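For reference, the structure discussed in these notes is given below.
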Amino acid sequence: MSIVLYINGQAIDTDSKTVIAQTKQVNDLNSLDTREANFTNKIKIPKTAANVRAMKFLAVTGNNSRIPYQENVCSLYSESGECFVYNGRAVVTDGGDNYDVVVYDGIIDLYKKIENKTLADLDLQGISHQKNIANIKNSWLTEHRYKYILADYNGETGRTNITDDNLFSAVNVDYLVPSVSVSWLWNQIFERFGFSYGGGVFDTESFVNLWMTYPKGTTSAGDNDQLIFESSFYSFINQGTSHVYAKSLLQTTSLLAGLINGIHMKVNATGAYRIKIKGKLYGRRGGVGSEQRPTKLYLAKNGQNAPTNSYLYLPLFKLLGTDIPYGQDFELSPPEIFTLQQFESICIVATGTDPTKAYNINTSQDNKLHVELYRVNPNVIDFGEALSDFSIRDFLNEVIQRFGLTIFPDKPVHGQPQNYTFLTLQEMLQTSDIVNWSSKFVRKLSENYTYGSYAQKNWFRYNYNDKEGSHNDGFISVDNVNLPDSRAAVSSKIYSPEKITFATLPYFNAKGNVFKLWEKEIVEATEEEDEHINYKPLDKRYYFLRAFQIHTPASPIGVYSGQLNTSASAVRYYRENFYKLGFGDIINDYYEPLKQILNDVVMVNAELYLNDNDVVNFDFKKLYYIEQLSSHFIVNKINNFITGKPVKCELVRVQYAPSMASPLPIRIYKVIIARHDIAVFYNSSLAAQSMELQVYNYSGPVWSSLSNLTNNPFPFNFTPEGNFKIRLFAEGLYSNEVDVTISSTFSTTLLIP
């Protein structure tokens, strides 16, 4: 067979007697954790002068050719002009009198491009940010690439539960983490490496509303506080008869906007601040020989314009310490963070424990004071650094395995990026186009009744903080006692949330999932401090979750950061949801067609007579019917095709499987519209006593939570007119969506099939 071969754009001399055997295959269903490419057998090309030059003098003494180590783009044509391979890869080795070349195409280009790359190799600048309340709230208001999804991450959650003593929810955002959109990361991968992709699964709610957490517990502040002022040299200036200023004479650090009279520290930026003070002070009641007195230290704010000798203009802003003994070393590190606006100032004031009585400092003694002022900077959420240990290959496989996808490279089009189509098993095995190949059948060689390396139980497993955990695992069972007992089919890098038990603490008055990113350590009480909890951050904990929006204009929640001393309220936010993310649900939703094949396996090895055009235009996405075998098949592999000869093909019989999509736990089946009034009729298999009515487009292009349902049917009155969508929500689950039109002149009854 004469061939035309191009490597790196150069025509290669070939022997007219060269026989090329090609193997065509798609990622094989007999293994869920590997991906395979098309390839040829070794093509021997002679070492002609032209070929030696094309190979950069490979195998010539003294050569420094990089051909064996680099990506070599190649195309392969038949003598009739059929293109077998376009922009594939050639692997070249020395074969003595010849060069040996193996040509690969299919999905190899995709997997080679991402080889040894991690998610940190993507452009993640757009999602790195400071962790503060403004950015947290902003992630709830817009279609962000990241969101702060309200959930229990095993940190200090705040006051989320409504009780008689706590009538309003207040979330501690210091122990929230952001989650990045899986669909956004998926887009970034294909854009970064110059590919495109398609597939119906990418438009589904299950994919679009899939998020991955930041993998380590990161609080709002504490890791990168900035020292903006430091001084150990102080004198003391009386302010009236009972108050004393601390005046800095020399500073070792000063990044202030100004130090007024050595006393008033003016900051140059609005933000959160904290102070540390240590030293030794000799406080007394009056002049020489007066009684010793303990000292009280505090901060006063914006006192630079206070009249001399008038302590009334130096009211307490923040208390630093009381009853500091005369002439004894002390150290004060108040945990409280305070907020200053740009160009506001603070000063250190000393007084007695009774500020109405005389007080000064005995300057004949060796008084000491060391002051450090810090700006508390929000921690930076750096996705690039955090995702550096998650390989892109592993991430692709997580998505592919989670949705039961098969990758099909589309036929290359010159000048356009290579496109890959992703099909679910349902699309590939149950709804594909059918091609009749009966006329190409030659003979059946054999039948096998086992497939790949499957066992009787094929486990899909999450990672767990408790290494004995298994509550979100699932398995595909195969009814064949001759197979091994069990095997791990999928071992996910993603962690499972904790098992919900009787001891699980409520979050927003309900037991929810705990995505553990902090470890709680109980510190027992001592004489110096009460029993308390330390929160130790965990790392390399990736979780998948879903987000559902809550919009409650009439009952906002509070959000606060104790570490940044800031707070706000919110009427729109997102809560966590793990709906259909357990592997048991995933197997039911996406792997039923494969279960049907595995439980009645017939794998036929047959000879078919295919021509060049059949192989060039072969489509693995289609099903093939062969009358002589009375069945439909997927073609698993075309093995060593040689033009003009029958080729051995691996055929897997397809059993049509019923759709196993789980019924909706909440379903609206009728809506009566009477102008501005509606009545919603629904069925529910949940134990929830009430449902939440959500309306899309009521307050703009978002879902708004407008009312809790206690009746069935539930009546509701619309104020605005227009076109809306409605749905119900309870226990983290949604009903079907129904389109409704509200108008003062329109009435109808909608029956939803």
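Here the sequence shown is numbered in my numbering, starting from 428 and rising by one per residue. The beta carbon of each residue, even a glycine, is placed where N, CA and C say it ideally should be. The structure displayed is predicted, hence computed values, not measured ones.
Legend entry - Proximity below 8 Å, CB of ASP1046 to CB of GLN1082: no
Legend entry - Stretch pair the region 1049-1063 + the region 1097-1116: three plus CB contacts closer than 8 Å: no
Inset, instruction - Would you mind reading off the limits of the beta strand (DSSP E) that contains VAL1079? - result: 1074-1080
Inset, instruction - Look at the alpha carbon of ASN1150 and the alpha carbon of ASP1166, and state the distance between them as a whole number of angstroms. - result: 7 Å
Inset, instruction - For ASP532, count neighbouring Cβ atoms within 10 angstroms of its own Cβ and tell me buried if that reaches 16, exposed if not. - result: buried
Inset, instruction - Please work out which residues of its chain come closer than 7 Å, Cβ to Cβ, to GLN437, disregarding the five sequence neighbours upstream and downstream, and give them in chain order. - result: ALA481
Legend entry - Segment contact, 8 Å Cβ cut-off, at least three pairs: the region 533-553 with the region 615-627: yes
Inset, instruction - Could you tell me the distance, in whole angstroms, from the CA atom of ASN1139 to the CA atom of LEU1155? - result: 12 Å
Legend entry - Distance cut-off 7 Å: THR545 Cβ against heavy atoms of the ligand NAD: The ligand content of the structure shown is nil, which means the ligand NAD is not present either.
Inset, instruction - Excluding the 5 residues preceding and the 5 following SER1112 in the sequence, name in chain order all residues of the same chain whose CB lies nearer than 6 Å to its CB. - result: PRO1092
Inset, instruction - Would you identify the three-state DSSP class for GLY626, choosing helix, strand or coil? - result: coil
Legend entry - Identified DSSP bridge partners for ARG968: DSSP lists no partner for ARG968.
Inset, instruction - May I have the straight-line CA-CA distance separating VAL628 from LEU850, to the nearest angstrom? - result: 8 Å
Inset, instruction - Taking the CB atoms as reference points, tell me whether TYR1006 and GLY1159 lie closer together than 8 Å. - result: yes
Inset, instruction - Tell whether a beta-carbon distance below 8 Å holds between TYR725 and LEU708. - result: no
Inset, instruction - Taking ILE560 and ALA995 to be in contact with their CB atoms under 8 Å, please state how far apart those CB atoms are, rounded to whole angstroms. - result: 5 Å
Inset, instruction - Round the Cβ separation of ASP1039 and THR1070 to the nearest angstrom and send it over; I've been treating them as touching at under 8 Å. - result: 6 Å
Inset, instruction - Grab the span of the beta strand (DSSP E) containing ILE773 for me, first residue to last. - result: 772-779
Legend entry - Burial state of ASN885 (16 or more Cβ within 10 Å): buried
Inset, instruction - Give a yes or no on whether the C-beta atoms belonging to PHE660 and SER681 are separated by under 8 Å. - result: no
Legend entry - Secondary structure, alpha helix (DSSP H): runs of 4+ residues fully inside the region 973-1041: 1010-1017, 1019-1025
Legend entry - Sequence-distant residues of the same chain with beta carbon closer than 6 Å to ASN804, five excluded per side: ASN651, GLN653
Inset, instruction - Return the CA-CA distance between TYR1161 and ILE1153, expressed in angstroms with no decimal places. - result: 11 Å
Inset, instruction - Give the straight-line distance between the Cα atoms of CYS1076 and LYS1049, rounded to the nearest whole angstrom. - result: 15 Å
Inset, instruction - Can you grab the Cα-Cα spacing for the pair VAL1031 / TYR847, in whole Å? - result: 28 Å
Inset, instruction - Could you name the residues that DSSP lists as bridge partners for THR766? - result: ALA699
Legend entry - Identity of the residues DSSP links to HIS797 by a beta bridge: LYS705
Inset, instruction - For the beta strand (DSSP E) containing LYS539, list its first residue and its last residue. - result: Careful: LYS539 lies outside any beta strand (DSSP E), inside the alpha helix (DSSP H) at 535-540.
Inset, instruction - State the CB to CB distance for the pair LYS926 and HIS898, rounded to an integer number of angstroms; the pair is presumed to be in contact (CB under 8 Å). - result: 5 Å
Legend entry - Simplified DSSP assignment, three categories, for VAL826: helix
Inset, instruction - Counting only the same chain and skipping the five closest in sequence on each side, list residues whose C-beta sits under 6 Å from that of ASN789. - result: TYR709, ARG711
Legend entry - Pairwise C-alpha distance: GLN678 and TRP1130: 56 Å
Inset, instruction - With DSSP collapsed to three states, give me the class of ALA1088. - result: Reliability of the predicted coordinates at ALA1088 is poor, the pLDDT of 49 falling under 50, and the value obtained from them is presented with this limitation in mind. Note: ALA1088 maps to coil in three-state DSSP.
Inset, instruction - State the Cα-Cα distance for the pair TYR580 and SER1171, rounded to the nearest angstrom. - result: 47 Å
Inset, instruction - In angstroms with no decimal places, state the Cα-to-Cα distance between ASN1004 and TYR433. - result: 53 Å
Inset, instruction - Could you tell me which of ILE921, GLY985, TYR504 sits nearest to SER377, measuring between CA atoms? - result: With the chain represented from 428 up to 1180, any question about residue 377 goes unanswered, as that position is not in the structure.
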